[in-house]
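The block underneath contains the structure these notes are about, expressed in structure tokens.
Protein chains: 2
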Amino acid sequence: MVRRSGRRPGNQDTKQSILEAARTIFAERGFDKASIRAIAGEAGVDPALVHHYFGTKEKLFLASVNAPVNPAELIPKALAGPREEAGARLVALVLSVWDSPAGGAAVALMRSALSNEWTARLMREFVLTQVLRRAVAELGIDAEEAPVRAALVATQIAGLAVVRYVLKAEPVASADPQRLVAAVGPSVQRYLTEDLPGVF
Amino acid sequence: MVRRSGRRPGNQDTKQSILEAARTIFAERGFDKASIRAIAGEAGVDPALVHHYFGTKEKLFLASVNAPVNPAELIPKALAGPREEAGARLVALVLSVWDSPAGGAAVALMRSALSNEWTARLMREFVLTQVLRRAVAELGIDAEEAPVRAALVATQIAGLAVVRYVLKAEPVASADPQRLVAAVGPSVQRYLTEDLPGVF
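The listed protein sequences derive, respectively, from chains Y and G. FYI, the numbering for the first sequence is 1 to 200, going by the UniProt record's numbering. FYI, the numbering for the second sequence is 1 to 200, going by the UniProt record's numbering.
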């Protein structure tokens, strides 16, 4: 019998056990309080093995929810660069990921976040608190305003994704990405950097 | 044995059969092409009985998806009045419905639209095409622009609902409604009535 790959099936089983343990522990404790040690304990393996297979807690989390891309890498990149076009760049990034072959997995993850309490909790902790809020703070915004601005950005981005990719409502569903960037970018920009009277 | 109400159980069965038939026919044909006649046929009852129990096709549709309110009545009301505050009024309306006791049913319906293809289709046909698009056209906007503007409004409103009520992400989840109106109203206003360079 010829092995089709150098990987031993046992490794796949171990990885699978770790992913399942990760889902359990993340669900119970949330992203912040879940530790690699606890996940390793739940899976009955050494913590070093978890690090070996998955690297950081962030990457293990992304693997456990089948995330097709790493927002922690992409979002700060999109927000870097000229401040007054950050909104347009963020919208363009979101559209480029969701319009790509990775988009199917992104839709699945979004649906899951909208129907499962634990995915919802993790998405808001991870995407919002860990990633978007920090990236927004990098724009040189008052630290006290960053959480509100990040959450407002999330309302517009999540809504664009829901209407275009989940509800598939026309004319947004098949609109040219550039046209959507022109339409939605300024709203995101407003949340990111403009004065918001009545809010602050 | 004492009857607790004047309603005969048979009527409830008939209403239930009609609602089930409505779900089937709406799912197969969409809102526009579904007819009371076809729904009555599917339920094995006279079309007059469907009208008797549910009134219009619109009301039957809302009953079949367990909609807690009638957007066809509420949205045009919110958009009537001073044009330059239509965005704020629409956001205030959405928040007042979702923050009310009816909000639980609204969240359930939203979740359903995000996970079931047929509810998604009906929501985009009903809320977007039948209601929002017509209401936007009433603002005296170029008829060709109304579908795009309505869909852009939908991205912001849907995203606000998703972040506040489904993902329950802070600080949006427990923000004062007035603060959210101040934050999100101008974005909706922009989609409703302002120039959108690069879009039109």
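Where is the CB? At the ideal position from N, CA and C, for every residue including glycine.
At the 8 Å Cβ level, is Gly87/Y part of the contact set with chain G, yes or no? Residue contact with chain G for Gly87/Y: absent (no Cβ-Cβ distance below 8 Å to any residue of chain G).
The alpha helix (DSSP H) spanning Ala102/G covers which residue range? Premise fails: Ala102/G is in no alpha helix (DSSP H) and is neither H nor E.
Okay, do the region 20 to 37 of chain G and the region 114 to 131 of chain G touch, 3+ Cβ pairs below 8 Å being the bar? Contact between the region 20 to 37 of chain G and the region 114 to 131 of chain G is present, because at least three Cβ pairs lie under 8 Å.
Excluding the five sequence neighbours on either side, which residues of its own chain have a C-beta within less than 7 Å of the C-beta of Val107/Y, listed in chain order? Taken in chain order, the residues that qualify are Tyr165 and Val166.
Tell me which residues share the same chain as Ala151/G and place their Cβ nearer than 7 Å to its Cβ, disregarding the 5 neighbours each side in the sequence. Counting only Cβ-Cβ distances below 7 Å, and skipping sequence neighbours, we find Leu128.
Give the straight-line distance between the Cα atoms of Ala105/G and Met123/G, rounded to the nearest whole angstrom. Cα to Cα, Ala105/G sits roughly 14 Å from Met123/G.
Taking the alpha-carbon of Gly87/G as reference, which of Val199/G, Thr14/G, Asp13/G and Val153/G has the nearest alpha-carbon? Nearest C-alpha to Gly87/G: Val153/G.
At a CB-CB cut-off below 7 Å, which residues of chain G make contact with Pro197/Y? Simply Ala182.
Using the rule of at least 16 other Cβ atoms within 10 Å of the residue's Cβ for burial, across every protein chain shown, is Gln16/Y buried or exposed? Exposed is the call here.
C-beta neighbour in chain Y for Ser115/G, strict 8 Å: Judged by the 8 Å Cβ criterion, Ser115/G is in contact with chain Y.
Helix, strand or coil: which one does DSSP assign to Asn66/G? Residue state, collapsed to three classes: coil.
Within its chain, find whatever has a CB closer than 7 Å to the CB of Val2/G; leave out the 5 residues flanking it on each side and keep chain order. Summary for Val2/G: the model assigns pLDDT 48, below 50, so the residue's position carries little reliability, and this model does not support an answer.
With DSSP run on the structure shown, which of helix, strand or coil describes Lys168/Y? Lys168/Y falls in the coil class under three-state DSSP.
Is the distance from the Cβ of Gln12/G to the Cβ of Gly159/Y below 8 Å? No, the Cβ-Cβ distance between Gln12/G and Gly159/Y is not below 8 Å.
Residues in the same chain with beta-carbon distance under 7 Å from Leu192/G, minus the five sequence neighbours each way, listed in chain order, please. Cβ neighbours of Leu192/G beyond the five flanking positions: Ala86, Gly87, Val136, Leu139, Arg149 and Val153.
Helix, strand or coil for Glu31/Y? Go by DSSP, reduced to three states. Strictly speaking, residue 31/Y in this sequence is Phe, with Glu absent from that position. DSSP places Phe31/Y in helix when its eight states are reduced to three.
Could you tell me if Val188/G is buried or exposed, where buried requires 16 or more neighbouring beta carbons within 10 angstroms of its beta carbon? Buried is the label assigned to Val188/G, since at least 16 other Cβ atoms lie within 10 Å of its Cβ.
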